[in-house]
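Okay, so here's the structure we're looking at.
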Amino acid sequence: MMENVSIHEIIEMAIRTEKLGFSYYSELAQKFKKNDELHALFNKLSENEVAHAARFTKLKESLQQDQLENWPEVSQYMKSYVESAFFMGANKATPHMQNIQDPNAALGLAIAFEKETLLYFYGMADAVKQDKDKHVLDEIIREEKSHIVILSDLKEKLSRAAGR
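According to the numbering used here, the stretch in the sequence shown is residues 127 to 290, in order.
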């Protein structure tokens with residue numbers, strides 16, 4: 127049976143995820159600097175990741191363990207999720223990014239990264255009781271969803287332009 131992890135550990139993993147996103151999007155912005163649209167998008171997404179990490183840091187400082195619902199179950203779920211292939215295994219986004227030359231592939235991997243991050247944040251939201259803290263997570267979740275929409279729209283636009 128898996129040991130429980132603390133909410134602070136889970137939020138720390140969320141912070142690390144945002145830092146990974148920052149690195150990922152910053153590198154993609156550099157890789158596609160000749161494409162103004164992609165360059166601007168990836169720069170904007172990298173800035174959002176920094177802002178999210180700062181908000182998670184504030185949330186981590188404000189939360190107490192007794193403010194959590196169903197903690198043992200949520201803790202096990204979150205730990206198993208963090209240990210999944212996307213975060214810990216060979217399918218991490220960053221190693222794949224180094225081989226990406228095609229904008230559609232970069233956008234596809236970015237969409238997958240955002241979806242996995244969303245699942246993680248939904249799990250976090252299930253654990254938090256306080257409305258002020260839920261509000262922070264809900265806002266970040268909305269932003270992450272908007273990232274998926276923006277990335278998907280651009281991917282579709284590029285696919286249409288390429289006749290795919």
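Backbone N, C-alpha and C define an ideal beta-carbon position, used for all residues, glycine too. Every value quoted in this text rests on a predicted model; they were computed, and no experiment measured them.
Sorted by chain position, which residues of the same chain lie with C-beta nearer than 7 Å to residue i's C-beta, five sequence neighbours on each side aside?
i	result
S172	F148, Y151, S152 and A155
F97	Residue 97 lies beyond the residue range present for the chain, which begins at 127 and ends at 290; the question has no answer from this structure.
Which residue wins for smallest C-alpha separation from residue i, given the options the options?
i	options	result
I141	L164, E163, K184 and N169	K184
S272	A232, G289, L244 and N161	L244
K241	D228, E138, I136 and E144	E144
F158	H178, A180, N225 and F247	N225
S188	A177, A288, V262 and E163	V262
V176	I266, I237 and L280	I266
Q202	D252, V275, R286 and E269	D252
R268	F247, Q227, V254 and A179	F247
K170	A287, E270 and D264	E270
E199	A288, V275 and G249	G249
Ignore the nearest five residues each way along the sequence and tell me which others in residue i's own chain have a CB closer than 8 Å to its CB.
i	result
N161	P229
L284	P229, N230 and L233
L280	E163, L164, L167 and L233
I274	I237, E240, K241 and L244
Residues in its own chain within less than 6 Å of residue i by CB, not counting five upstream and five downstream?
i	result
H134	K186
A236	L277
I178	The question names Ile, but residue 178 is His in the sequence shown. Closer than 6 Å at the Cβ level, and outside the excluded window around H178, lie E144 and I266.
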